[in-house]
Amino acid sequence: MKNVLGIIFAFDTDNDLRELTDHRTVSAVQFGGRYRIVDFMLSNMVNSGIFRVGILMKDKYQSLIDHIGSAKDWDMSRKNAGVTLLPPYSYSRKASPLVTGEYRGKIDALAGAIDYLQKNRAEYVVIGDGDLIANVALDDVVEQHRKSGNDVTMVVSKRRPADNQFATYCELSRRREVVDIRVGDHNDGKCRYEAMGIYVMSRAYLIHLIADCVAHNCIHFEREMLTRALIDDKVGAYVFNEYTMKIFDAKDYFQASMDILDKDIRDELFFRSRPIFTRIYDEAPAYYGDKADVQDSLIADGCHIEGKVSNCILFRDVIIEKDAEIKNSIIMENGRILSGASLDYIVADRGVTVREGRTMMGHENYPVVIGKSAVI
Amino acid sequence: MYRKKECVAMLLAGGQGSRLYVLTTKVAKPAVPFGGKYKIIDFPLSNCVNSGIDTVGVLTQYEPHALNSYIGSGQTWDLDRMRGGVYTLPPYQRSKGSEWYKGTANAIYQNINFIDEYDPDYVLVLSGDHIYKMNYNKMLQHHKQNEADATIAVLDVPIDEAPRFGIMNCNPDGSIYEFEEKPKHPKSTLASMGIYIFTWKKLRQYLIEDEAKEGSSNDFGKDIIPAMLGNGEKLISYRFEGYWKDVGTIESLWEANMDLLSPKSGLNLSDDTWRIYGRNNGAPPHFTSKEAKVTHSLISEGCEIRGNVSESVLFSDVIIGKGATVEYSILMPGAVIEPGASVRYSIVAEGAHICEGAVVGAAPSEVEADAWGVAVVASGVRIGKGAKLPAKEMAGEDLPDAE
């Protein structure tokens, strides 16, 4: 799809993952044993033939920049395309007269990169949130949009019935036209679908919407920009039926992590003909010792396991010593769980050490998050 | 563009590796998987880049497709360079006719132009069938300090194994006075590792002379080294200490993989300062289910394990069904072991499928001593339901379901 441009929002608006987002945005948070959350949206674009992608950033973005590098590992280190990182203050006032400085939200971010959008020659733009875990065939979405004649097509899902103050809900007509969009309110169940944060529109229409919103000082993408489109023009929906999870808080993160311990969900997310790409680290395979006892867990390369592990996700290079016992936990890179330690419902950020004999416990509803490089 | 390099590496990767039998019917030996996520060639290539040698010619001849596509642009080893990088060099047609690589020396001879392009002072000659980690730069410094014409890496081997190797007889100062190929009564225990550094000017001249010589086998060990010794050139040995293993046979390939399971074997794959690079297929982390029991094994990404695994090396995307048993085995990428199957003391190649209830291989204690050996299932082969593949046997074709 040469004539499609991808845009990813890689900064946080309403999300908060406690200690995990102290040093990075949700997009850059580790997920699934070897990925970062943004890998899903970026891979969706690559797998759909979108090789020109702009990533909008606002703050705490060093972690993301380190992760993406030259974008080689996504096959996006291209001569005539590839990833463009778009932090605030990217353009001069002349090039980008609408907004140049700090962003108040997604509309400002798009307005700040208006020069990038104007210079591009793509006919369509796919805008995606970097905090979404889903494997979506975006080429299908663009195809449906092209045929429908709608001004905007948004990808929605019926899977999640939850009541989330930050989620965007919408009501569809029988012909899958969007008739109502609400943020944080599903109108007593009338809005049966949740927006996944993927929007397709023509580049010209997006530029028109941005100019219109800036002129009226609108800030909120879902509340204001989408509503303007809904009132004035035609908004359609693409209903996505496979696994999807938007990560707003630590509970969502924990839930999505535990979800992928299920084989069916894993198959939906890591569909082999549409792989999820990530940065390659060249670790040796995982090593299981004589006393290793591992059940229902995902284990990345480079791990060294001598203890007991059940219902866990271990990122690369995690060491679980003899007689350590961890359950229902997520241990990120370089975690060291020493002999006799015991963990339950814990999310340990990178480089955490839990010393001999220490015990920590959270609960399914409130997994305890241990900050980066902490020693317990 | 000026492209001078101090040292260019030439990696001999054209051999079939016929003693690996069914494992090399479709790929050359250097492309055979090793150690859970690597191929044999990853070791010399990673050694090169870790030693600061960024220009490598890979000489291919036998079944080159898998190797060519594996090497690609060289990005995996950080060898996609503007100047230098990795090149595959198959035999090619020239104005005076064309021929296959006749021997190891002839392969280099046919690529004199490639080497000349970099105007190197030294050429490192490597082979693609050994597993080891080595800093070639240290060997190069040794070569330079001794102002040698050729430096040969040697390993001290047990005296009873010496007759299997090319033995270097050295003076106390490390200079070589005699080379004996597989001597019955070895005078020394210093075995050649098949790693040579030559001063390019000298080697170039010997290659041209050797090519002109009628009846020469155009081989480094048989022709070039003896000729240099005969002319009194300065040949010195470079002692290597550490893990080194020739994986040219089924047994040695199996053993070398098993060595990885013992932390004291000497080959540390998780050493940050000397990483071994290999192409990554981007599979998710491996999953071990609650029915599974995994001990003393190496497991790679993408595996789904529901059976019992011990003392084994599993490459990426291997699937092991409920109640299946895998012991002392090597399962290459994408192998499928169905529920209830038993695989012991075996090598199961890429994409092979072991059906329900099949029995592959056996423990040494279960069979007569001379009947034991590692069982091998070739790439893509299906071992039918309840079928049996005894120890030491090789399945190059599908085995039907048992009656």
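Protein chains in written order, with our numbering: chain S, 8 to 383; chain R, 1487 to 1889.
Glycine included, C-beta positions come from ideal geometry on N, C-alpha and C.
Small disclaimer: the values here were computed from a predicted structure and weren't measured.
Worksheet item: Taking Cβ to Cβ, would you say M52/S is nearer than 8 Å to G13/S?
Response: Looking up residue 52/S in the first sequence gives position 45. Looking up residue 13/S in the first sequence gives position 6. Contact flag set, yes.
Worksheet item: What does E290/S reach in chain R if we use C-beta pairs closer than 8 Å?
Response: Numbered from its first residue, the first sequence carries residue 290/S at position 283. By Cβ distance, chain R contributes S1756.
Discussion item. Please identify, using Cβ separations under 7 Å, the residues of the region 304–332 of chain S that lie next to chain R, in order along the chain.
Written reply: Sequence-ordered contacts of the region 304–332 of chain S with chain R read S304, L305, I306, A307, D308, G309 [C-beta pairs closer than 7 Å].
Worksheet item: Within 8 Å (strictly less), CB to CB, does P95/S reach chain R?
Response: For the purposes of this step, residue 95/S is taken as the residue at position 88 of the first sequence. By this cut-off, P95/S is not an interface position.
Discussion item. My parser needs the beta strand (DSSP E) runs of 3 or more residues fully inside the region 219–274 of chain S; what are they?
Written reply: 242–247
Item to complete: Give a yes or no on whether 8 Å exceeds the smallest Cβ distance from V133/S to chain R.
Response: In the first sequence, residue 133/S corresponds to position 126, counting from 1. Judged by the 8 Å Cβ criterion, V133/S is not in contact with chain R.
Worksheet item: Excluding the five sequence neighbours on either side, which residues of its own chain have a C-beta within less than 7 Å of the C-beta of R1792/R, listed in chain order?
Response: As a first step, residue 1792/R is located in the second sequence; it is residue number 306 there, counting from the start. Only S1775, E1777, A1778, I1806, G1807, K1808 meet the Cβ criterion.
Worksheet item: In chain order, what residues of the same chain lie with their CB nearer than 6 Å to the CB of V1611/R, ignoring the 5 residues before and after it?
Response: For the purposes of this step, residue 1611/R is taken as the residue at position 125 of the second sequence. The residues are M1496, Y1682.
Fill in: With 16 other Cβ atoms within 10 Å as the buried cut-off, status of P104/S
Translated into the one-based positions of the first sequence, residue 104/S becomes position 97. By the neighbour-count rule (16 or more Cβ atoms within 10 Å), P104/S is not buried but exposed.
Worksheet item: Cβ of G314/S within 8 Å of Cβ of D330/S?
Response: Within the first sequence, the letter at position 307 stands for residue 314/S. Within the first sequence, the letter at position 323 stands for residue 330/S. Yes.
Worksheet item: Within this structure, are the beta carbons of L1721/R and A1591/R separated by less than 8 Å?
Response: The residue labelled residue 1721/R in the question sits at position 235 within the second sequence. The residue labelled residue 1591/R in the question sits at position 105 within the second sequence. Cβ atoms of L1721/R and A1591/R: not closer than 8 Å.
Fill in: is_contact[V207/S, chain R] using C-beta, thresh 8 Å
As a working note, residue 207/S is residue 200 in the first sequence. It does not; no Cβ of chain R falls within 8 Å.
Fill in: Same chain, Cβ closer than 7 Å to W1730/R, neighbours up to 5 away in sequence not counted
Translated into the one-based positions of the second sequence, residue 1730/R becomes position 244. H1616, Y1618, L1641, M1679, listed in sequence order.
Worksheet item: In whole angstroms, what is the alpha-carbon distance linking G137/S and T1685/R?
Response: Here residue 137/S corresponds to residue number 130 of the first sequence, with the count starting at 1. Here residue 1685/R corresponds to residue number 199 of the second sequence, with the count starting at 1. One C-alpha to the other measures close to 55 Å.
Discussion item. Quick check: the region 1853–1864 of chain R against the region 1824–1840 of chain R, are at least 3 beta-carbon pairs closer than 8 Å?
Written reply: Enough Cβ pairs lie closer than 8 Å, so yes.
Worksheet item: Helix, strand or coil: how does DSSP classify K197/S here?
Response: In the first sequence, residue 197/S corresponds to position 190, counting from 1. It is coil, neither helix nor strand.
Worksheet entry | Check whether L1875/R and G1847/R have beta carbons under 8 Å apart | Stepping through the second sequence from its first residue, residue 1875/R is reached at position 389. Stepping through the second sequence from its first residue, residue 1847/R is reached at position 361. Cβ atoms of L1875/R and G1847/R: closer than 8 Å.
Discussion item. Just checking: is the beta-carbon of T1811/R within a distance shorter than 8 Å of some beta-carbon in chain S?
Written reply: Here residue 1811/R is taken as the residue at index 325 of the second sequence, counted from 1. For T1811/R, the answer is no, since every Cβ of chain S falls outside 8 Å of its Cβ.
Practice prompt. Confirm, please, whether the CB-CB distance from I327/S to I344/S is below 8 Å.
Written response: Here residue 344/S is taken as the residue at index 337 of the first sequence, counted from 1. Here residue 327/S is taken as the residue at index 320 of the first sequence, counted from 1. Cβ distance < 8 Å, so I344/S and I327/S count as in contact.
Worksheet entry | Every unbroken alpha helix (DSSP H) within the region 1527–1586 of chain R, with a cutoff of 4 residues, ordered by chain | 1528–1536, 1551–1557
Item to complete: For chain S, find out if any of its Cβ atoms is closer than 8 Å to the Cβ of Y1556/R; answer yes or no.
Response: If you number the second sequence from 1, residue 1556/R lands on position 70. No - not a single Cβ of chain S is within 8 Å of the one on Y1556/R.
Worksheet item: Using a beta-carbon distance below 8 Å, is K79/S in contact with chain R?
Response: One-based indexing of the first sequence puts residue 79/S at position 72. K79/S counts as touching chain R.
Discussion item. Against chain R, which members of the region 181–205 of chain S pass a CB distance test of less than 7 Å?
Written reply: Residues: none.
Practice prompt. Name the two residues that bound the continuous alpha helix (DSSP H) containing F1600/R.
Written response: Taking the second sequence and counting its residues from 1, one reaches residue 1600/R at position 114. Here the alpha helix (DSSP H) through F1600/R covers 1598–1602.
Worksheet entry | Residues within the region 36–50 of chain S neighbouring chain R, beta-carbon criterion of under 7 Å | G39, G40, R41
Worksheet item: If you follow the beta strand (DSSP E) that D136/S is part of, which residue opens it and which one closes it?
Response: Taking the first sequence and counting its residues from 1, one reaches residue 136/S at position 129. Note, D136/S: beta strand (DSSP E), 131–136.
Worksheet item: Between I1869/R, H1629/R, F1726/R, T1811/R, which lies nearest to D1607/R when the distance is taken from Cα to Cα?
Response: Reading the second sequence from its first residue, position 121 is the one you call residue 1607/R. Taking only the C-alpha atoms, the option nearest D1607/R is H1629/R.
Fill in: Cβ-based neighbour list, M252/S, same chain, cut-off 8 Å, excluding 5 preceding and 5 following
In the first sequence, counting from the first residue as 1, residue 252/S sits at position 245. Excluding positions up to five away in sequence, the list reads L139, I140, A141, R167, D259, Q262, A263, D266.
Worksheet item: The alpha helix (DSSP H) with R1690/R in it runs from where to where?
Response: In the second sequence, counting from the first residue as 1, residue 1690/R sits at position 204. Its alpha helix (DSSP H) spans residues 1686–1698.
Worksheet item: Excluding the five sequence neighbours on either side, which residues of its own chain have a C-beta within less than 8 Å of the C-beta of Y1595/R, listed in chain order?
Response: For the purposes of this step, residue 1595/R is taken as the residue at position 109 of the second sequence. Excluding residues within five positions, the ones whose Cβ falls inside 8 Å are L1693, I1694, D1696, E1697, N1704.
Fill in: Neighbour list for Q302/S in chain R, Cβ cutoff strictly below 8 Å
Position 295 of the first sequence, counting from 1, holds the residue named residue 302/S. Correct list: T1774, S1775, K1776, A1778.
Worksheet item: With V185/S and L237/S assumed to form a contact (beta carbons below 8 Å), what rounded beta-carbon distance in angstroms separates them?
Response: Translated into the one-based positions of the first sequence, residue 185/S becomes position 178. Translated into the one-based positions of the first sequence, residue 237/S becomes position 230. Cβ-Cβ separation between V185/S and L237/S: approximately 6 Å, consistent with a contact (criterion under 8 Å).
Worksheet item: When the Cα atoms are used, what is the spatial distance from K1708/R to G1589/R?
Response: Here residue 1708/R refers to the residue found at position 222 of the second sequence. Here residue 1589/R refers to the residue found at position 103 of the second sequence. Rounded to the nearest angstrom, the two C-alpha atoms are 10 Å apart.
Discussion item. Please state whether the Cβ-Cβ distance between K67/S and F228/S is less than 8 Å.
Written reply: Taking the first sequence and counting its residues from 1, the one referred to as residue 67/S is at position 60. Taking the first sequence and counting its residues from 1, the one referred to as residue 228/S is at position 221. No, they are not a contact pair.
Worksheet item: On the three-state DSSP scale, how would you describe P1819/R?
Response: Along the second sequence, read from residue 1 onward, the residue named residue 1819/R stands at position 333. The answer is coil: DSSP assigns P1819/R none of H, G, I, E or B.
Item to complete: Step through the CB atoms of chain S and report whether any lies within less than 8 Å of the CB of K1523/R.
Response: On the second sequence, position 37 is the one that residue 1523/R refers to. Judged by the 8 Å Cβ criterion, K1523/R is in contact with chain S.
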